[in-house]
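Note sheet for the following structure.
Protein chains in written order, with my numbering: chain A, 35 to 473; chain B, 42 to 327; chain C, 232 to 415.
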């Protein structure tokens with residue numbers, strides 16, 4: 035996709051095809067010879083894992099659509115029928131439902147890796163923005179998909195989230211009614227959500243294509259954050275990274291399999307095994323775990339519109355991150371202070387997740403009720419989520435720009451090869467066996 | 042090394058976070074923790090105790106089924122692979138199992154006569170759904186003082202605690218504590234989710250639990266077990282909970298067996314890939 | 232920037248001194264990967280086969296005493312019509328007579344009903360040409376006539392005229408009692 039192609043057609047057919055549709059050239063340049071920094075660690079394998087998960091979700095989803103009935107009277111039972119009567123239906127449904135969680139787990143690791151090594155910084159801003167678009171589409175897909183089993187949590191989750199739109203002044207209610215296709219979440223809503231749930235993954239796949247294109251123009255970032263300077267810094271993608279990604283995928287599949295085969299309901303909610311009933315709301319409305327941090331931000335504010343703006347702002351912030359970061363150094367390896375703010379940010383996101391899982395008035399430290407500040411109980415999850423939400427925004431809007439200007443980074447290596455080759459053990463091994471040195 | 046350790050710890054934390062959220066989410070309810078029961082089907086290798094599930098079916102049929110439907114269950118399910126009356130002879134078509142045929146035959150199914158169109162009752166067949174005790178929801182409510190007996194098909198998955206919750210509810214009825222006003226037609230049960238604060242006399246400690254509309258359904262000796270198991274309240278409750286656990290997840294054994302093979306395969310695959318990876322990378326300093 | 236890195240390292244295993252030699256471990260890993268994909272492919276394919284509830288309805292029981300002599304009852308079985316016909320002695324005689332006629336798909340009438348139950352004919356009611364449903368009482372042979380392309384069947388359901396290649400199929404069925412049959 036970039037640079038000069040090294041592809042040489044091997045036979046007559048390949049030459050013929052190459053002048054008409056250079057498909058093999060394209061494949062060769064993107065997944066065979068593509069020069070990849072040789073110091074990518076396991077955190078960089080999640081791109082491959084995510085491709086696999088997207089494929090898995092699309093394939094299992096198409097299969098489930100063959101058996102699923104998008105009708106309020108039959109949706110719940112049709113999912114149960116898939117798990118009981120369809121051949122291997124329990125497996126395919128398990129792969130799909132747990133696959134969503136695995137997909138999000140992988141995407142979060144992918145994003146945190148990106149933040150740590152500064153991969154969103156120039157010249158990879160478009161790559162990062164496309165990634166954020168994928169993430170947004172994933173959230174949409176997951177939301178629509180969660181409605182389909184038509185359990186209590188599906189239904190009331192859909193009610194709560196669609197009602198958020200009602201917060202928009204003047205047109206909010208009209209949009210909500212339009213989205214529902216009625217006066218409440220009902221059959222029409224279920225049908226259109228099914229349609230959209232089928233559509234969005236293909237949009238994701240399209241944006242993933244652009245994402246990979248945008249990756250292949252500047253090439254991979256790497257843990258040092260230093261630009262590739264010579265051929266010594268890179269290895270061809272195949273077989274070096276196909277096998278490394280393959281190994282990581284295999285280990286990831288083990289984790290995935292543990293959930294599918296032994297903990298199929300661990301990530302779900304018991305209330306979703308009760309068929310949707312518009313007349314009774316479950317005791318606790320909680321989204322799936324991967325959306326809890328945003329749910330916590332939403333509830334941190336007592337004002338409906340402000341909460342919605344803040345929640346969408348939390349995601350919108352990601353889009354402008356490349357321009358908020360003023361640092362000249364990409365990787366946090368060489369930014370000792372910023373690194374701590376980063377680790378706190380990571381824990382902060384988990385804290386936000388816990389806040390999202392709890393009722394706002396629940397006590398953070400059970401049994402302690404004396405922490406009053408005026409009318410407010412500081413020991414409640416709503417206050418914890420306020421503090422955590424504040425840190426979330428401060429990290430991007432205050433800490434990131436300021437630290438870039440004030441922090442003195444450590445010395446970066448001159449090139450990717452320098453730190454490893456200067457290492458005594460690596461020097462010996464490199465001198466003995468490195469073919470690129472001979473050549 | 043330290044960095045790697047830290048990274049792994051972070052990943053582990055992230056992985057733990059998911060299940061923890063699910064557990065934490067319900068910490069705020071006021072019911073008692075379900076009793077700790079040992080089940081034969083627990084764990085990655087656990088299997089259903091066929092005799093127990095058979096007894097449980099009997100409890101369901103003789104007691105529960107007079108009010109509770111199980112709309113997702115068919116009589117044939119009892120004879121399918123993993124079911125309590127599975128017979129390898131009829132693995133091909135569980136409909137042919139004579140045991141299940143006679144079990145189904147004992148039950149009257151409401152149907153429409155195909156010649157006259159009249160509503161009739163006929164003996165059940167293996168391909169019939171479990172008979173629904175009530176023709177519709179209003180009828181079910183009317184017969185139960187306004188409360189709807191929930192469908193039990195996936196009950197063991199639809200409550201936090203699963204079969205242990207079922208067992209705890211069935212065995213957990215106690216006399217209401219002092220100072221509690223129990224409304225007519227309600228029963229106090231510490232394992233039922235609810236909020237008792239408005240039913241307690243002023244100044245009394247609010248107990249765990251809630252009100253349930255179902256009168257205590259099981260008592261010692263209520264069901265005669267064919268295999269000589271003592272018909273205590275605990276045994277009946279445990280067996281019917283096991284039956285509901287099976288009914289909620291009839292493919293659980295198939296899933297675990299398949300999963301065992303899949304895990305072994307993936308482990309071997311990972312090891313092979315690891316050595317392949319090490320070999321390919323052995324000449325690259327990185 | 233990308234231009235400067237294109238050359239990349241030579242890879243000893245792909246283009247090195249022994250391009251044909253593949254280590255056993257790579258082959259084993261490759262085979263395992265293919266096996267994994269294959270193992271996952273089967274559930275994905277098998278799910279399209281009839282599901283448990285479909286199979287459960289694949290066999291039905293039917294009481295023949297409901298069918299009066301000279302009548303035909305059509306029941307749905309596996310989504311297709313099933314002709315249950317109570318034949319008159321005259322029709323049976325005609326059918327036996329035709330055993331030695333020039334048949335396209337030779338079969339004796341005896342082979343088309345259960346022993347001692349010549350009066351009951353159970354047939355799958357779809358034309359063996361392209362699957363239309365033949366109507367009873369049409370054609371020249373006292374049996375069925377297919378309105379789609381004019382195939383004619385006799386009183387034993389054998390093809391006598393028209394484009395259909397085979398006789399109306401007899402499903403797998405058995406008598407559970409004197410008048411009760413189980414089909415499938």
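Note that CB positions come from ideal geometry on N, CA and C, so glycine has one too. Here the structure is a predicted model, which is why all the values come from computation and not from measurement.
Please name the residue in 310/A, 247/A, 125/A whose C-alpha comes closest to that of residue 163/A.
Relative to residue 163/A, the option among 310/A, 247/A, 125/A whose CA is nearest is 247/A.
For residue 228/B, would you say it is in contact with chain C, using Cβ-to-Cβ distances shorter than 9 Å as the test?
no
Okay, do the segment 260 to 267 of chain B and the segment 237 to 248 of chain B touch, 3+ Cβ pairs below 8 Å being the bar?
no
Using 9 Å as the limit for Cβ to Cβ distance, is residue 370/A near chain B?
no
Quick check: what's the CA-CA separation for residue 64/B versus residue 304/A?
Below a pLDDT of 50, predicted positions are generally treated as unreliable, and residue 64/B, at 40, falls in that range; the measurement from the model is reported next regardless. Those two C-alpha atoms are separated by around 11 Å.
From residue 382/C to residue 345/C, what does the alpha carbon distance come to, in whole angstroms?
25 Å
I want to see whether chain B comes within less than 9 Å of residue 295/C, judged by CB atoms only; does it?
Not closer than 9 Å to any Cβ of chain B, the Cβ of residue 295/C fails to qualify, so no.
Which whole runs of the alpha helix (DSSP H) in the segment 273 to 334 of chain A are 4 residues long or more, in chain order?
Those alpha helix (DSSP H) runs which fall completely within the segment 273 to 334 of chain A and span 4+ residues are 326 to 334.
Which runs of the beta strand (DSSP E), 3 residues or longer, sit entirely within the segment 47 to 131 of chain A?
69 to 71
Is it true that the CB of residue 167/B sits closer than 9 Å to the CB of residue 116/B?
Yes; because the gap between Cβ atoms is below 9 Å, this pair is in contact.
Answer yes or no: do residue 343/C and residue 396/C have a C-beta to C-beta separation smaller than 9 Å?
no
Touch check for the segment 126 to 137 of chain A and the segment 294 to 309 of chain A: three-plus C-beta pairs under 8 Å?
The segment 126 to 137 of chain A makes contact with the segment 294 to 309 of chain A; the number of CB pairs closer than 8 Å reaches 3 or more.
List, in order along the chain, the chain B residues whose C-beta lies closer than 9 Å to that of residue 263/C?
306, 309, 310, 313, 314
Would you please state the rounded distance, in angstroms, between the beta carbons of residue 384/C and residue 368/C? I believe it to be under 8 Å.
That pair is no contact at about 11 Å.
Which first and last residues belong to the beta strand (DSSP E) in which residue 72/B is found?
Where residue 72/B is concerned, there is no enclosing beta strand (DSSP E), given that its DSSP letter is neither H nor E.
With DSSP as the reference, identify every bridge partner of residue 241/B, one or two as the case may be.
221/B
Would you identify the three-state DSSP class for residue 169/A, choosing helix, strand or coil?
It is helical.
So, is the C-beta of residue 321/B closer than 9 Å to a C-beta in chain A?
yes
Does residue 371/C come out as helix, strand or coil in the three-state DSSP assignment?
coil
Measuring alpha carbon to alpha carbon, tell me which of 201/A, 90/A, 318/A ends up nearest residue 189/A.
318/A
Are the segment 300 to 317 of chain C and the segment 180 to 198 of chain B touching by the rule of at least three beta carbon pairs closer than 8 Å?
The segment 300 to 317 of chain C, when compared against the segment 180 to 198 of chain B, does not touch it at the 8 Å Cβ threshold.
Just verifying my parser: in three-state terms, what is the DSSP assignment at residue 66/B?
Any reading at residue 66/B needs caution, since the residue's pLDDT is 39, under 50, leaving its predicted position unreliable; the model's value is listed next. Residue 66/B: helix per DSSP, three-state reduction.
How many angstroms separate the CA atom of residue 365/A from the CA atom of residue 438/A?
12 Å
Excluding the 5 residues flanking residue 120/A on each side, which residues of the same chain have their C-beta closer than 6 Å to its C-beta?
101
With residue 103/B as the anchor, note down where its beta strand (DSSP E) starts and where it stops.
Here residue 103/B belongs to no beta strand (DSSP E); instead the alpha helix (DSSP H) covers 91 to 103.
Looking at the structure shown, is residue 404/C part of a helix, part of a strand, or coil, going by DSSP?
Of the three classes helix, strand and coil, the one that applies to residue 404/C here is strand, per DSSP.
Is residue 279/A close to chain C, meaning its C-beta is less than 9 Å from at least one C-beta of that chain?
No, residue 279/A lies away from the interface with chain C (no Cβ there is under 9 Å from its Cβ).
Would residue 388/C and residue 377/C be called neighbours here (beta carbons separated by less than 9 Å)?
no
Terminal residues of the continuous alpha helix (DSSP H) containing residue 16/B?
Any property of residue 16/B remains undetermined from this structure, which presents chain B solely from 42 to 327.
Pair every Cβ in the segment 198 to 211 of chain A with every Cβ in the segment 331 to 344 of chain A, then say whether three or more of these pairs are closer than 8 Å.
yes
In whole angstroms, give me the CA-to-CA distance for residue 77/B and residue 297/A.
19 Å
For residue 199/B, which residues in chain A fall below 8 Å Cβ to Cβ?
304, 305, 307, 308
Indicate the three-state DSSP secondary structure (helix, strand or coil) for residue 235/A in the structure shown.
helix
Beta carbons nearer than 8 Å to chain C: which residues of the segment 108 to 131 of chain A have them?
115, 118, 119, 120, 121, 122, 123, 125, 126
Give, in chain order, every unbroken run of the beta strand (DSSP E) that is at least 3 residues long and sits entirely within the segment 288 to 317 of chain C.
291 to 294, 303 to 308, 311 to 317
Once DSSP output is grouped into helix, strand and coil, what is the label at residue 313/B?
helix
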